[in-house]
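What follows is one structure encoded as structure tokens, with my remarks underneath.
Residue numbers (the working numbering): 1 to 294.
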């Protein structure tokens, strides 16, 4: 037996309850006695618990008094199923064999993906939190860092494989793609020749270097591909490079670009029309023709 607080409308009632199993073996609760409304006597729950303790000769612990000595995560089990459906082990094993990598690339990448989905943190912290998950093989810290370089080197191959697996899994025809640009800042003030540079920050970090990313997604929000740009590149200047290989790499029959007004420039519109793509761009109302406004 135990004391159970039960809510009914706007009030909470204290009930003496016992557990039992029905004919189908399912666990059920049976109310033995109603102690009253907790709002009328806040001590009801504590008194009732003490009475149960005395009657049973056993000490009853409140859930609030319990402390977990070790909490292990199982969330990766769900993601592993998706990982397998996208055949990511096969894709990464191919990359691993091609580059003659000695460590387990698929397991290393899966470890990073799981950590980023469940509790985003640095690679160092990802390494230190390995004991928090059940049934995952441990990886070495230097493998986490090295795997990022491998992924970058084979970015396009991996994107294309995932894209085609996506089409197979969902039996979809991709003809409309959405494009957007975002920025990623670094806790640093040092730029480099490749990507990190000062620019317009969407995060309000004007005194931090950043990189710019242009991302294509399908109508369901699933990523198709991305391109990285130096941190001082304006949104509208990213579209040309991103579109250059879109239809070739992904064999998309027809493309309709949907983007915000940051992409809306004469240069971009001209390029899209020349490629035969359709487009839907946001625009300021006051800059549109009067007949459209009306």
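Every residue, glycine too, gets a C-beta built ideally from N, C-alpha and C. Values in this document were obtained by computation on a predicted structure and should not be read as measured data.
Contact set for residue i: own chain, Cβ-Cβ below 6 Å, skip 5 residues either direction
i: residue 174; result: 218, 252
i: residue 278; result: 256
i: residue 254; result: 175
i: residue 179; result: 216, 257, 259
i: residue 73; result: 132, 133
i: residue 280; result: 258
i: residue 6; result: 13, 15
i: residue 206; result: none
i: residue 103; result: 143
i: residue 191; result: 197, 209
C-beta atoms of residue i and residue j nearer than 8 Å
i: residue 189; j: residue 139; result: no
i: residue 44; j: residue 51; result: no
i: residue 47; j: residue 1; result: no
i: residue 156; j: residue 222; result: no
i: residue 282; j: residue 268; result: no
i: residue 297; j: residue 225; result: Outside the displayed range of the chain (1 to 294) lies residue 297, so it cannot be described from this structure.
i: residue 231; j: residue 256; result: no
i: residue 28; j: residue 21; result: yes
i: residue 181; j: residue 262; result: yes
i: residue 144; j: residue 123; result: yes
i: residue 93; j: residue 115; result: no
i: residue 9; j: residue 17; result: no
i: residue 117; j: residue 79; result: yes
i: residue 214; j: residue 234; result: no
i: residue 87; j: residue 165; result: yes
i: residue 141; j: residue 127; result: yes
i: residue 298; j: residue 158; result: Because the chain here runs from 1 to 294, residue 298 falls outside it and cannot be looked at.
Own chain partners of residue i with C-beta closer than 8 Å, once the 5 adjacent residues on each side are dropped
i: residue 201; result: 183, 185, 208, 210
i: residue 99; result: 150, 153, 154
i: residue 83; result: 89, 110, 113
i: residue 39; result: 11, 12
i: residue 238; result: 181, 212, 214, 227, 229
i: residue 26; result: none
i: residue 274; result: none
i: residue 304; result: Look at the range of the chain in this structure, 1 to 294, and you will see that residue 304 is not part of it.
Residue i classed as buried or exposed, judged by whether at least 16 other C-beta atoms fall within 10 angstroms
i: residue 196; result: buried
i: residue 296; result: Outside the modelled stretch of the chain, which goes from 1 to 294, sits residue 296, for which no answer is possible.
i: residue 242; result: buried
i: residue 96; result: buried
i: residue 199; result: buried
i: residue 161; result: buried
i: residue 170; result: exposed
i: residue 14; result: buried
i: residue 85; result: exposed
i: residue 163; result: buried
i: residue 177; result: buried
i: residue 285; result: exposed
i: residue 246; result: buried
Residue i - partner residues in DSSP beta bridges
i: residue 22; result: Bridge partners of residue 22: none, in fact.
i: residue 210; result: 185, 197
i: residue 8; result: 11
i: residue 223; result: 217
i: residue 278; result: 256
i: residue 177; result: 257
i: residue 38; result: Looking at the DSSP assignment, residue 38 forms no beta bridge with any residue, so it has no partner.
i: residue 30; result: 18
i: residue 2; result: 17
i: residue 230; result: 211
Cutoff 7 Å; reference residue i; Cβ partners in own chain excluding five residues on either side
i: residue 101; result: 150
i: residue 240; result: 271
Cβ of residue i within 8 Å of any chain B Cβ
i: residue 112; result: The structure shown contains no chain B; it holds only a single protein chain.
Where in the region 135-164 do unbroken runs of the alpha helix (DSSP H), each at least 4 residues long, occur, reported from the N-terminal end onward?
-> 141-153
Which residue spans inside the region 242-269 form an unbroken beta strand (DSSP E) run of at least 3?
-> 256-259
May I have a chain-ordered list of the beta strand (DSSP E) segments no shorter than 3 residues that lie completely inside the region 52-131?
-> none
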